[in-house]
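Structure record follows, encoded as structure tokens.
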């Protein structure tokens, strides 16, 4: 088992709510509770060593059930939005392989700890011909999807989407951490004093207007299975064995978990290796993420 040290990120739309999840900055928008790529590389530790997740998967991928050259396949985060997030599209598997020399694109899922203020998000499209709408900064072609607390939303790569003001979520995404922005409300970056860059051409090249949101209520004792990962929302107690052939990530949604006599606070995560069993001394509400290495066969 490895304990993960999170990384805090403060975008334009961050707020104070992630203070309850371990952040020390009032405008935190994202806590990366598990990530092992160059640009977002969490430290991991156990009783024997302290290193980074990327260094460990690079040097000993088999320990995690990975093949040589594979990075940790998902990024897990807690997101808190005081403002709506940009309209965006992520690269598909086909685009990632052909244009970016990467093994897969970026699908993701959101579990709503708190629903947005207006109880809806943007996702999926109503029509196929959207070029003129985008040129006119009109986004009426994007659907509004009603959401509530405890909902789970799966966003397939190639689908336009945007979190809205007030959302507080647990997020899991593939490790191709690339976002193509279609519109960002003309916000000014306080550091550069310029609008954030848009990527309209790349977004349109990846847009699949036929995709629809996969949505379900996801209270404790729920399980969701997708192509890229499975999620289990549960109260973790007594013991847990990772029966998968690949590492799983357990993130604390509520309470404090004590596992193998180590305290894991709300907002933090642990990694449980394949066939490893951990012992729980204090239970907590958690999300268990199990990676699916489907990309080996595409």
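Residue numbers (this note's numbering): 2 to 299. Where is the CB? At the ideal position from N, CA and C, for every residue including glycine.
Check: Residues that DSSP places opposite residue 73 in a beta bridge; Outcome: Residue 73 pairs with nothing; no bridge assigned.
Check: Inter-stretch contact at 8 Å, needing at least 3 Cβ pairs: the region 37 to 49 / the region 246 to 259; Outcome: no
Check: Outcome for residue 191 when other beta-carbon atoms lying within 10 angstroms are tallied against a minimum of 16; Outcome: exposed
Check: Extent of the continuous alpha helix (DSSP H) to which residue 207 belongs; Outcome: 201 to 207
Check: Inter-stretch contact (C-beta, 8 Å, three-pair minimum) for the region 238 to 253 and the region 286 to 296; Outcome: yes
Check: Sheet register partners of residue 81 (DSSP bridge); Outcome: 169
Check: Ranges of the beta strand (DSSP E) found wholly within the region 123 to 188, counting only runs of at least 3; Outcome: 143 to 147, 152 to 156, 169 to 175, 181 to 184
Check: Alpha carbon of residue 52 to alpha carbon of residue 119, nearest angstrom; Outcome: 42 Å
Check: Residue 94, enclosing alpha helix (DSSP H) - first and last residue; Outcome: 94 to 100
Check: Reference residue 135; option with closest CA among 89, 22, 69; Outcome: 89
Check: Per-residue burial, residue 262 [other beta carbons within 10 Å of its own, 16 or more giving buried]; Outcome: exposed
Check: Which listed residue (116, 243, 229) has its alpha carbon closest to that of residue 81; Outcome: 116
Check: Secondary structure, beta strand (DSSP E): runs of 3+ residues fully inside the region 6 to 45; Outcome: 8 to 10, 31 to 35
Check: Whole-Å CB distance - residue 175 paired with residue 75, under 8 Å assumed; Outcome: 6 Å
Check: For residue 57, the first and last residue of its enclosing alpha helix (DSSP H); Outcome: 54 to 60
Check: Counterpart residues of residue 288 in DSSP-defined beta bridges; Outcome: 234, 252
Check: Cβ pair count under 8 Å reaching 3, the region 271 to 289 against the region 228 to 247; Outcome: yes
Check: The region 55 to 74 / the region 12 to 22 touching (three or more Cβ pairs under 8 Å); Outcome: no
Check: Three-state class that DSSP yields for residue 212 in the structure shown; Outcome: coil
Check: Segment contact, 8 Å Cβ cut-off, at least three pairs: the region 211 to 226 with the region 146 to 158; Outcome: yes
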